[in-house]
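*Asks:* Below: one structure in structure tokens.
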Amino acid sequence: DAGVIQSPRHEVTEMGQEVTLRCKPISGHNSLFWYRQTMMRGLELLIYFNNNVPIDDSGMPEDRFSAKMPNASFSTLKIQPSEPRDSAVYFCASRFSGETGETQYFGPGTRLLVL
Amino acid sequence: AQSVTQLDSQVPVFEEAPVELRCNYSSSVSVYLFWYVQYPNQGLQLLLKYLSGSTLVKGINGFEAEFNKSQTSFHLRKPSVHISDTAEYFCAVSDSGGYNKLIFGAGTRLAVHP
Numbered sequence: 001d002a003g004v005i006q007s008p009r010h011e012v013t014e015m016g017q018e019v020t021l022r023c024k025p026i027s028g029h030n031s032l033f034w035y036r037q038t039m040m041r042g043l044e045l046l047i048y049f050n051n052n053v054p055i056d057d058s059g060m061p062e063d064r065f066s067a068k069m070p071n072a073s074f075s076t077l078k079i080q081p082s083e084p085r086d087s088a089v090y091f092c093a094s095r096f097s098g099e100t101g102e103t104q105y106f107g108p109g110t111r112l113l114v115l
Numbered sequence: 116a117q118s119v120t121q122l123d124s125q126v127p128v129f130e131e132a133p134v135e136l137r138c139n140y141s142s143s144v145s146v147y148l149f150w151y152v153q154y155p156n157q158g159l160q161l162l163l164k165y166l167s168g169s170t171l172v173k174g175i176n177g178f179e180a181e182f183n184k185s186q187t188s189f190h191l192r193k194p195s196v197h198i199s200d201t202a203e204y205f206c207a208v209s210d211s212g213g214y215n216k217l218i219f220g221a222g223t224r225l226a227v228h229p
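Here the protein sequences line up with chains A and B, keeping their order. Residue numbers 1 to 115, in my numbering, belong to the letters of the first sequence in order. Residue numbers 116 to 229, in my numbering, belong to the letters of the second sequence in order.
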């Protein structure tokens, strides 16, 4: 089992550029979550999908952020245009939602630095 | 809505000493409770979780936690820590229905010293 896979692991970009973060959930999992981690705000849930459908995107900071899940094995989080305050570690997590209380499994994260 | 308070941002402790990391939650509905650990430059890994049943939950790496409904607490304990336990520990809560969205506390940094 490869676990949740995220790419890239590190991204350095300049303000105004588009950034795309990618996530491959664990096979068989049907819920996917995007989190952002910063020193100031801790771990924040940005958006989560169930069966590829966005259920709650209330945590998405603003219109510059968008997320898609075109199929059960792939999701993207896009920031356009990026700003220095978007610098953070972005985590993707997945779980099987067939039973309540199922564990969320986290990927290793993408460390984003916007200059 | 649920919320989680981790009462200590940092806990220094000597190797082989016992440790307790405190977590309190608030919720108007039944909850599930989780402890995750994050080692440097890694993602979060589940230590243990409480869903129902026995209020004492045992997890990986010798950790355990006790659910106390009257005090709305879920403190994490280990009787003897190792240097390798140095990490950030997160308490999280979700409601017992719906999509079980996790709400995380701010984290506690455990620093184990030789």
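We put the beta carbon where it would ideally sit given N, CA and C, even for glycine.
Which residues, in order along the region 69 to 91 of chain A, keep a beta-carbon less than 7 Å from a beta-carbon of chain B?
*Replies:* Within the region 69 to 91 of chain A, the residues whose Cβ lies closer than 7 Å to some Cβ of chain B are F91, listed in chain order.
*Asks:* Quick check: what's the CA-CA separation for A:G107 versus A:V53?
*Replies:* Each residue's Cα considered, the two are about 20 Å apart.
*Asks:* Alpha carbons only, please: which of A:H10, A:V4 and A:I26 is nearest the one belonging to A:V114?
*Replies:* Selected option, being the one with the closest Cα: A:H10.
*Asks:* With a Cβ-Cβ cutoff of 8 Å, do B:L162 and B:G174 count as a contact?
*Replies:* Yes, the pair counts as a contact, with Cβ atoms nearer than the cut-off.
*Asks:* Count the other C-beta atoms from every protein chain shown that fall within 10 angstroms of the C-beta of B:N215, then say buried if there are 16 or more, exposed otherwise.
*Replies:* B:N215 is buried by the Cβ-count criterion.
*Asks:* Using the beta-carbon of each residue, which ones in chain B are nearer than 9 Å to A:L45?
*Replies:* Simply K216, L217, I218 and F219.
*Asks:* Going by beta carbon distance, what residues of the same chain come within less than 8 Å of B:S124, once the five residues before and after it are set aside?
*Replies:* The residues are A221, G222, T223 and R224.
*Asks:* Which residue's Cα is closest to the Cα of A:E99: B:S195, B:P155 and B:L166?
*Replies:* Of the listed residues, the one whose Cα sits closest to A:E99 is B:L166.
*Asks:* Counting only Cβ pairs nearer than 7 Å, list the residues of chain B close to A:L108.
*Replies:* Reading off the sequence shown, one finds Pro at residue 108 of chain A, where the question assumed Leu. Ordered by position in chain B, the residues that pass the 7 Å Cβ test against A:P108 are Q157 and G158.
*Asks:* Counting only runs that start and end within the region 35 to 107 of chain A, where is the alpha helix (DSSP H) found for 4 or more residues in a row?
*Replies:* Runs of the alpha helix (DSSP H) inside the region 35 to 107 of chain A: none found.
*Asks:* Compare the Cα-Cα distances from A:M69 to each of A:E102, A:E44 and A:F49 and report the closest residue.
*Replies:* Checking every option, the nearest Cα to that of A:M69 belongs to A:F49.
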